[in-house]
Structures are given as C-alpha cells and as structure tokens.
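If you count the sequence shown from 1, position 75 lands on 219 in my numbering, and the numbers rise without skipping.
Don't be surprised by glycine CBs; every beta carbon is placed ideally from N, CA and C.
What follows is one structure encoded as structure tokens, with my remarks underneath.
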Amino acid sequence: MFGVPGKAAVTLSPRAVAKITALMAASGSSGLRLGVKKGGCAGMEYSLELAETAAPMDEVVEQDGARVLIAPLAQMFLIGTEIDYEEGLLESGFRFNNPNVAEACGCGESIRFKDMPEAG
Numbered sequence: 145m146f147g148v149p150g151k152a153a154v155t156l157s158p159r160a161v162a163k164i165t166a167l168m169a170a171s172g173s174s175g176l177r178l179g180v181k182k183g184g185c186a187g188m189e190y191s192l193e194l195a196e197t198a199a200p201m202d203e204v205v206e207q208d209g210a211r212v213l214i215a216p217l218a219q220m221f222l223i224g225t226e227i228d229y230e231e232g233l234l235e236s237g238f239r240f241n242n243p244n245v246a247e248a249c250g251c252g253e254s255i256r257f258k259d260m261p262e263a264g
C-alpha cells in the first residue's frame, strides 16, 4: 500500500526472526500483526498480536520463516523499520529502529512520529 516496490517495508534481525518463528510455532498462528495506536506519553505506541490470518489490506513481510503482518494504517509509519528482539535480566521484548520516529519517551514504549501534530 505505502511500500517501495521490491523492498520489504520492515526488516527483521536474526533474533527477531527466531522469536517470531518460535511464537508462530507455539501458537499455531500465521504471523505477528504489527500496528500503531494512539497512547502513551509521546502520543503513539506500537501494537503487537499473534494473527490467525492476514487481513485483506495487511502488508505481509516474510523473512526466513518469520511473518509480520502490518496493519494498513501503520504502514506509512513503519517503512524502513528494523525490528530486533532483546533479552535481558529485567526485561525482554521487541525493539524498533524506526527512522520515522521524531522522539520517544524515557521508557521507550511510546513514540512520536515526524511531522505528526502533538497529541492532546
């Protein structure tokens, strides 16, 4: 929908591929749906959920057996994003290296995209 022909909207690190394929295998889902929604102190948040099927307008990105389904309204905000997965002693989770982000809150859970009006 908003992508560049011949180029995936997002890329996955090897750790993200391993985690997504493990989640898909454990749940029997067809992929991980990625979206954005209003919320958090910076205005927007990423949303993730396991998906049974791709919705008609989802952008489907497949890499090394991992499948990410990008919700239509999120596609323009995610172009060029690299998704990683980090494991630590205190927290583990997906990390997004998104060139479209202007700022993020201190905890890294909430973001504001470039050229987006202030939430309020």
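- Assignment of K182 by DSSP, reduced to helix, strand and coil, places it in the strand class.
- Under DSSP, R239 shares a beta bridge with D228.
- Scanning A215, E206, L233 for the CA closest to the CA of S157 turns up E206.
- With respect to the 9 Å criterion, G237 and E230 are classified as neighbours on the basis of their beta carbons.
- Closest by C-alpha distance to F257, out of G209, G183, S174, K151, is G183.
- Closest in C-alpha terms to A153, from the list A198, S174, V180, Q219, comes Q219.
- Distance between V212 and G224, taken at the CA atoms: about 14 Å.
- Setting aside the 5 residues that flank it on each side, I255 is surrounded in the same chain by A186, M188, V245, A248, each with a C-beta closer than 6 Å to its C-beta; the list follows chain order.
- Proximity to L178 across T197, K151, D208 peaks at T197, based on C-alpha coordinates.
- Partner residues in the beta bridge of V154, as assigned by DSSP, are T225.
- Excluding the 5 residues flanking it on each side, K163 has same chain C-beta neighbours closer than 7 Å at Y229, in chain order.
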